[in-house]
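Take a look at the structure below.
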Amino acid sequence: MSSGDGAGSNGRGASEHEVVIVGAGFAGMYMLHKLRGLGFDTVVLERADGVGGTWYWNRYPGARCDVESMQYSYSFDPELEQEWSWSERYSGQPEILRYANHVAERYDLRRDIRFGTTVAQVDWDDDARQWRLQTDRGEYRARFVVMATGCLSTANVPQFEGAETFGGPTYHTGRWPHEGVDFSGQSVAVIGTGSSAVQAIPVIAAQCRKLTVFQRTPNYSVPARNEPLDPAEQAKWKANYRELRAKMFAERAAMVQRLPDGEDPAKEAGDDEFCQRMEQRWEVGGFTFYRAYGDIALDPESNNRVAEFVRNKIAGIVHDPEVAAKLTPHNTIACKRPCLDTHYYETFNQPHVDLVDVSETPIERICEAGVVVDGREYPVDGIVYATGFDAMTGTLLRMNVTGRGGMRLADHWDAGPRTYLGLGVAGFPNMFTVSGPGSPSVLTNMIPSIEQHVDWIARCLVDLRERGAATIEPEPHAEAYWVDYVNAVADLTLYPTCNSWYLGANIPGKTRVFMPLPGFPPYVEICEDVASDNYRGFVLT
Ligand code: NAP
């Protein structure tokens with residue numbers, strides 16, 4: 015076994031392993047644990063100084079998971095399930111990070127994780143049948159590379175003119191200072207109104223002297239109804255974990271809702287029945303709201319009826335009709351990632367909170383004193399960029415991956431990401447992507463999705479070892495089929511109808527392709543079927 019710190023050096027200064035995993039978030043940690051148990055010499059490269067991935071970086075005020083705590087955790091070890099206790103219905107970032115650290119500790123993962131190590135270049139060496147990874151801490155070589163780099167791990171900071179001239183501090187929600195930020199007595203700008211902003215705005219508003227929110231697109235948000243976790247609820251899960259996990263895995267988003275999914279069409283419901291059902295779900299809180307009827311994500315008329323319900327709620331919550339109008343979205347509901355909040359719309363009733371609509375007159379520039387829109391200067395002490403991520407492909411492309419014959423991943427993905435099952439890429443042998451584009455990933459509860467990918471990859475590596483196969487990679491026709499399949503499934507839904515990061519529409523110049531695959535259970539079945547059918551669509555050598 016090589017250690018990555020010289021013990022496994024190949025004599026040319028590189029550290030050699032069977033498997034290199036990039037990323038020590040929930041995907042990388044479980045992949046390491048799993049492969050170690052199967053006897054693979056594995057090392058993880060992680061640019062942060064600690065484990066946790068998303069939950070290491072996203073420490074902004076109010077950061078919290080939208081998936082309920084009892085479901086946002088690993089299922090691979092019943093002892094781990096029993097020994098960990100959650101405190102709230104939805105866990106806050108500090109608690110999830112504590113859980114990640116507990117897992118790292120419990121399975122002694124850190125000894126095989128190289129922290130503070132950034133991967134800059136990843137090349138397939140066809141002669142040696144090996145990957146070479148250049149990092150800022152030396153070279154690593156491995157037969158297999160697992161990209162456990164997360165779907166939302168490269169921050170998007172818009173290039174506003176004059177941004178560098180701003181006199182105060184700036185923050186991105188996904189790169190929040192570890193020591194925290196005290197906004198007391200300050201005037202603060204928040205740019206963006208996506209999920210991160212919807213969580214951060216009420217908490218920042220509670221602390222600062224003045225808050226100015228710059229909104230390009232208003233967002234639908236539904237109350238999360240966070241609360242201390244009912245001990246009886248926790249006990250119920252712990253007593254029935256196997257059955258409830260099986261239920262989660264059978265759900266299209268890999269999570270069980272508090273209320274059963276409605277199957278009937280929203281557009282056909284009588285007015286009273288519709289109001290009653292939507293009110294109940296608004297009160298219960300969480301994603302169950304978006305599952306009230308079977309066709310919300312499929313039928314424009316039904317979708318608009320549900321959207322109108324939220325629009326009316328906004329009008330009822332926000333006192334100033336002008337502000338309410340600005341906050342009211344008119345696009346398809348839930349075709350961007352749905353938001354859950356705690357007093358988001360209510361925050362705009364506070365006298366020290368202002369909303370600036372930049373949909374028609376974009377942010378013109380940033381100056382030393384603050385933000386300029388339509389010739390007017392908004393002076394602030396600090397700027398919070400809640401402007402999202404170069405999702406799903408940003409981190410992979412930033413690592414300059416080249417495959418067979420020096421083919422650049424960036425060129426292969428010029429017209430949008432191409433994968434087979436979201437797990438492999440044609441021309442890039444022995445490279446796996448956990449939650450890669452083309453897999454359900456961000457449309458699901460991420461941890462079960464990650465576990466399914468990790469288990470599939472581990473099974474594949476064992477099968478290759480048993481067969482004495484040196485490489486595996488998707489056949490180009492299988493990849494082409496999969497790209498068409500993902501598009502065809504997405505086109506059955508309303509997802510592609512608005513400018514979301516699912517489509518890459520938030521990054522100037524990024525090709526617009528719907529990247530995740532809707533529907534978890536059918537996907538899992540396909541993956542199982544492919545593996546059992548001698549890795550149909552992959553070439554093994
Ligand atoms: P996001 O959803 O992409 O939102 C970014 C916001 O910044 C949008 O309102 C966007 O406006 C705005 N923006 C971007 N560029 C701009 C510009 N040049 N001028 C003005 N506004 C600009 O990013 P996010 O809020 O960080 O969320 C990303 C994803 O992370 C979520 O969708 C979710 O999957 C995940 N997340 C999850 C949780 C959770 O589980 N609780 C919490 C936070 C995030 P447009 O809409 O007009 O583009």
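Just so you know, the sequence shown maps onto residues 15 to 555 in this note's numbering.
Each residue gets a CB set at the ideal place from its N, CA and C atoms; glycine is no exception.
Source: prediction; values computed, not measured.
Counted as a single uninterrupted DSSP element, the beta strand (DSSP E) harbouring residue 447 occupies residues 445-447.
Of the heavy atoms belonging to the ligand NAP, none sits nearer than 8 Å to the Cβ of residue 524.
Proximity to residue 317 across 342, 330, 185 and 280 peaks at 280, based on C-alpha coordinates. With distances taken between CA atoms, residue 406 lies nearest to 167 out of 140, 58, 154 and 167. Relative to the ligand NAP, the beta carbon of residue 534 is positioned no closer than 8 Å to any heavy atom.
Counting C-beta pairs with one atom in each stretch, the region 92-110 and the region 136-154 have fewer than three that are closer than 8 Å, which means they do not touch.
Counted as a single uninterrupted DSSP element, the stretch harbouring residue 384 is not any alpha helix (DSSP H) but the beta strand (DSSP E) occupying residues 384-387. Distance from the Cα of residue 277 is smallest, within the candidate group 311, 516 and 162, for 311. Just measuring C-alpha positions, the residue of 397, 131 and 357 sitting nearest residue 379 is 397. For residue 137, the enclosing beta strand (DSSP E) has its first and last residue at 133-139. The beta carbon of residue 395 sits no closer than 8 Å to any heavy atom of the ligand NAP. The beta carbon of residue 111 is closer than 7 Å to those of 66, 69 and 70 in its chain, skipping five residues each way along the sequence. Chain order is used for the residues whose beta-carbon lies nearer than 5 Å to a heavy atom of the ligand NAP, namely 79, 80, 166, 172, 206, 207, 208, 209, 210, 230, 231, 351, 401, 402, 515 and 520. A distance of 9 Å or more separates the beta carbons of residue 383 and residue 199.
Between residue 266 and residue 294, the alpha-carbon positions lie close to 22 Å from each other.
In the displayed model, residue 154 falls within a strand according to three-state DSSP. The residue from 332, 425 and 492 with its alpha-carbon nearest to that of residue 364 is 332. Here the alpha carbon of residue 183 sits roughly 20 Å from the alpha carbon of residue 366.
DSSP places residue 327 in the helix class (H, G or I) of the three-state scheme. With a cutoff of 9 Å on beta-carbon distance, residue 212 and residue 354 are scored as near each other. Between residue 477 and residue 115, the alpha-carbon positions lie close to 31 Å from each other. For residue 391, the beta-bridge partners assigned by DSSP are 386. Under a 10 Å Cβ-count criterion, residue 193 is classified as exposed, with fewer than 16 other Cβ atoms of the shown protein chains found around its own Cβ. Residue pairing by DSSP places residue 226 opposite 203 and 368 in a beta bridge.
Secondary structure at residue 453: coil, using DSSP grouped into helix, strand and coil. The shortest C-alpha to C-alpha distance from residue 347 to any of 234, 336, 246 and 469 is the one to 234. When DSSP states are grouped into helix, strand and coil, residue 279 belongs to the coil group. Every alpha helix (DSSP H) stretch that sits fully inside the region 474-527 and reaches 4 residues is listed by chain position as 490-505. By the Cβ criterion, the region 224-244 is not in contact with the region 413-432, since fewer than three pairs of Cβ atoms, one from each stretch, lie closer than 8 Å. Burial check for residue 429: the Cβ neighbour count within 10 Å stays below 16, so the residue is exposed.
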